[in-house]
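Report on the structure given below.
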Amino acid sequence: MLLTEERAAAKAAAQPGRRPRCDWLWGYGLIAPMALGLAVFYLWPIVQTLYLSFTESGVFGGQTWVGVDNFAALFGDEEMLGALRNTLLYSLLVLIGVPLAIVIAALLNVPGLRGLGFYRTLYFLPVVTMPAAVGLTWRYLYNGDFGLINYLLGEIGIDGPYWVSDPEFAIYAIAVVGIWSSLGYNAVLFLAGLQGIPKHYYEAAAIDGAGRMRQFFRITLPLLTPTTFFVMVITLINALQVFDLVYLMIDTKSPALAGSRTIVYLFYEQGFVQNSRGYAAAIAVVLLALILALTALQFRLQRRWVHYE
Amino acid sequence: MRLRMALVAALAVTLAGCGSGTDTTTKSGKITISYAIWEKNDQVSTQKIIDAFQKQHPDVTVKLEITPWDQYWTKLQTAAAGGAAPDVFWMNSLNVRLYAKGGVLAPIQNADVSAFPQAIVDGYRYDGKLYGMPRDVGLPVLWYDKELFDKAGVKYPTADWTWDDLRAAAKKLTDPAKKQYGLLAPMWDQGGFYPTMIQAGGHVISADGKKSGFDEPGSIQGLEFWTDMINKDKVAPPAQATTDTDPVQLFMTGKYAMYYGGSWLATAFKANTERGDKVDVAPLPKGPTQEAVILLGLANAVSAKSEHPVESAQFATFLSSEEAEKILSDTGGASVSSRAGTQDSWFNAFPNYHLKEAFDASIPHGVPYPVSLNTAKWQDVQNKLLAEAWAGRRPTADAAREIAAQMNEILAKE
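Taken in sequence, the protein lines are chains P and U.
Start counting the first sequence at 1363; every next residue gets the next number (this note's numbering).
Start counting the second sequence at 415; every next residue gets the next number (this note's numbering).
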């Protein structure tokens, strides 16, 4: 044992410069599986999509180059404008869930709370549930004739609408589910942020006579801004890509579809229902650009409101 | 004349080449062919048919793959684009031309399809060739709730019913206080608005598949038949209700007197112990111009890239044989064979429903399902615009004309 170690050390000493290179290789070797996965499943498809967006593809393969035709058509497409509007509205609505998550995290962080694990599990449960199950369950709850929500409303004398089939309500109804299902994930992130705030700030504030409310707004919220920033970026990116909830909760023949069709839904319709692969790829590229732009904007704005300790 | 002779000779040579090439590969030992379908409820009957085929062809194994409808076409298309489609697979008339033109399907040679309804067989012809062996038939019928008819003292629908009879009955059967409606009017093409468009003298698409018929006066009348029932006469629930809940489930609540539904629902209705014996079927009511019902049946197609074209074609043909079709009907599942003379056992499996009478009265008026090359493309437009009309947010005639305009644009590019 000792012998081999000695020999290894001697070898390393005898060949200076070998060690760092070996470390490099180790490093690359260790990240290789991840890097390979990223390259094959993310980077290459992005390149492919970009290429496809400049082509018109046959249903069974075979592309013809059409230049920027797809993009030109896209900007005059009323459905695309509608989808863009719906997606942005949905994203704004889902961002309302962020302050809600802060409140829940703060409540879950109260020292000495009984059944803490139970509550945390309860709020996190929607996150681990399959979106398909979430969408279908909520569709039943929202059902205009037999849904639980309208049944309860009926008990107090209100005739509830067809939540997800009525164009006036559908996008809001979906946003409620979007908020509900991201609440637990965000709350856990905030909880981690809350527990990272050193106790002595609160002790000092208490000595200076600050009440709990004042402590929350003057200490907790400012020190939570890095987490808030992260949560907002992630939530917005997810919200911009919403597809499953719309697909599951809105019937393809529903009058509410026009008012709740999101960009990814439009992508699906064009690519897989209408077989316009090139056009669908162009939609995906626009969405990618939109997400990049909005995320960049958020990073820019963070200097104004995010406090790092 | 000489040119034609030369062509025929060339064709014969290529075909002969094909034949001899495959013969050598298949004679060597046991082979496996794959068979893709989408209906899980047909697994039992399909497996029985496969067993019967394997008994006749001991050197062939058929591997059954079931993919749910929602993923079936996406999966098949991806596989076909990569040249890896299953050897034999379910095809419908909506997609057949797209796949035939794309070179995915092998034409079926020398098949005897005389025992099948013309309207179904024609759906699988493209460029004069047959691209699928017909299997079953789905017939739209008028389901009605006997209990509601009895309570309201209205006579049951008969084969002689016209639109006016239906409307009059629907009015008597509607009771807003009880949230009870005379008719269910979901937005359904095959059994709903396509037949009424044709019954009123209009059409969906021209025979050559080049022009939309949505702006014809008859077509508009056929569409208004539905939208008026919902938004004017209010004898049918609002469109929101039928998109919120599956109309099949709504019908089983006993609050809707009539429903244009598929004959294949017999299995589901029979299984409903509470209301299954309170419903029955009648043929679709006649329109102001003519009788018409759209027959849709799926077919078994053979992949053009199959490694075992001979056996695959044999299997596809066997699936339509009298033996296989009898097994299909005997099993009493969702599908009924479309081969004449093999259906009685299916009818007998549902003694409470007058299915045989409805079939006998309807089949002679069968019309093929309207398709073009890329049917899904204009149907998407059609569904989006009709959804507005169904919800009463846009005049039906206006929506129909808009569909025609957009559809003509799509058809021009095909």
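All C-beta atoms in this analysis are idealised placements derived from N, C-alpha and C, irrespective of residue type, glycine included.
Item: Which residues, taken in chain order from the stretch 652-683 of chain U, show a beta carbon closer than 7 Å to some beta carbon of chain P?; Value: Ala-653, Gln-654, Ala-655, Thr-657, Asp-658, Thr-659
Item: Would Met-1363 (chain P) pass as an interface residue toward chain U - the criterion being a Cβ-Cβ separation below 8 Å?; Value: Summary for Met-1363 (chain P): the model assigns pLDDT 43, below 50, so the residue's position carries little reliability, and this model does not support an answer.
Item: Going straight from the alpha carbon of Ile-1520 (chain P) to that of Ala-1601 (chain P), what length do you get?; Value: 31 Å
Item: Starting from Glu-802 (chain U), find everything on chain P with Cβ-Cβ shorter than 7 Å and list it in chain order.; Value: Pro-1617
Item: For Val-458 (chain U) versus Ser-752 (chain U), is the C-beta spacing smaller than 8 Å?; Value: no
Item: Roughly how many angstroms separate the alpha carbons of Ala-1658 (chain P) and Leu-1652 (chain P), rounded to a whole number?; Value: 10 Å
Item: Taking the beta strand (DSSP E) that Gln-1425 (chain P) falls in, what are its first and last residues?; Value: 1425-1427
Item: Give the secondary structure of Tyr-670 (chain U) by DSSP, where H, G and I count as helix, E and B as strand, and everything else as coil.; Value: strand
Item: In three-state DSSP terms, what is Asn-645 (chain U)?; Value: helix
Item: By the three-class DSSP mapping on this structure, what secondary structure does Gln-838 (chain U) have?; Value: The structure shown does not extend to residue 838 (chain U), since chain U is modelled only from 415 to 828, so the question has no answer here.
Item: For Val-750 (chain U), count the other beta carbons within 10 Å of its own beta carbon; 16 or more makes it buried, fewer makes it exposed. Which is it?; Value: buried
Item: Using a 10 Å radius around the Cβ and a threshold of 16 neighbouring Cβ atoms, would you call Arg-1666 (chain P) buried or exposed?; Value: exposed
Item: Applying the 10 Å Cβ sphere with the 16-neighbour rule, what's the burial state of Arg-1501 (chain P)?; Value: buried
Item: Output needed for Lys-462 (chain U): all residues of its chain with C-beta closer than 6 Å, excluding positions within five of it in sequence on either side, in chain order.; Value: Ile-741
Item: Assuming Gly-1459 (chain P) contacts Ile-1541 (chain P) (C-beta within less than 8 Å), just tell me the rounded distance between them.; Value: 4 Å
Item: Any residues in the stretch 1504-1536 of chain P with a beta carbon nearer than 9 Å to a beta carbon of chain U? Which ones, in chain order?; Value: Tyr-1504, Asn-1505, Gly-1506, Asp-1507, Phe-1508, Gly-1509, Pro-1523, Tyr-1524, Trp-1525, Val-1526, Ser-1527, Asp-1528, Pro-1529
Item: Can you grab the Cα-Cα spacing for the pair Val-1489 (chain P) / Tyr-1481 (chain P), in whole Å?; Value: 14 Å
Item: How far does the beta strand (DSSP E) with Ile-451 (chain U) in it extend, from its first residue to its last?; Value: 445-451
Item: For Phe-1422 (chain P), would you say it is in contact with chain U, using Cβ-to-Cβ distances shorter than 8 Å as the test?; Value: yes
Item: Return the Cβ separation of Arg-549 (chain U) and Asn-714 (chain U) in integer angstroms, given the expectation that the two are a contact with Cβ distance under 8 Å.; Value: 6 Å
Item: Going straight from the alpha carbon of Tyr-608 (chain U) to that of Ala-818 (chain U), what length do you get?; Value: 14 Å
Item: For Ser-620 (chain U) and Asp-579 (chain U), I'd like the C-alpha separation in whole angstroms.; Value: 30 Å
Item: With DSSP as the reference, please indicate the residues paired to Pro-696 (chain U) in a beta bridge.; Value: Note that residue 696 (chain U) is Ala in the sequence shown here, rather than Pro. Ala-696 (chain U) is bridged to U:Leu-556.
Item: With a threshold of 8 Å between beta carbons, is Glu-1418 (chain P) in contact with chain U?; Value: no
Item: Which residues of the stretch 741-772 of chain U have a Cβ closer than 7 Å to any Cβ of chain P? Give them in chain order.; Value: none
Item: Taking the C-alpha atoms as reference points, what is the distance between Ala-709 (chain U) and Ala-696 (chain U)?; Value: The question names Ala, but residue 709 (chain U) is Leu in the sequence shown. The alpha-carbon atoms of Leu-709 (chain U) and Ala-696 (chain U) are separated by roughly 16 Å.
Item: Pick helix, strand or coil for Asn-714 (chain U), following the three-state DSSP scheme.; Value: strand
Item: Rounded to whole angstroms, what is the Cα-Cα separation between Ala-450 (chain U) and Asn-1512 (chain P)?; Value: 42 Å
Item: Alpha carbon to alpha carbon, how far is Lys-700 (chain U) from Thr-657 (chain U)? Give it in angstroms, no decimals.; Value: 26 Å
Item: What residue range does the alpha helix (DSSP H) around Met-601 (chain U) cover?; Value: Neither: Met-601 (chain U) is in no alpha helix (DSSP H) and is coded neither H nor E.
Item: Might you give, ordered along the chain, the residues of its own chain that have their beta carbon closer than 7 Å to the beta carbon of Phe-1531 (chain P), omitting 5 neighbours on each side?; Value: Pro-1523, Trp-1525
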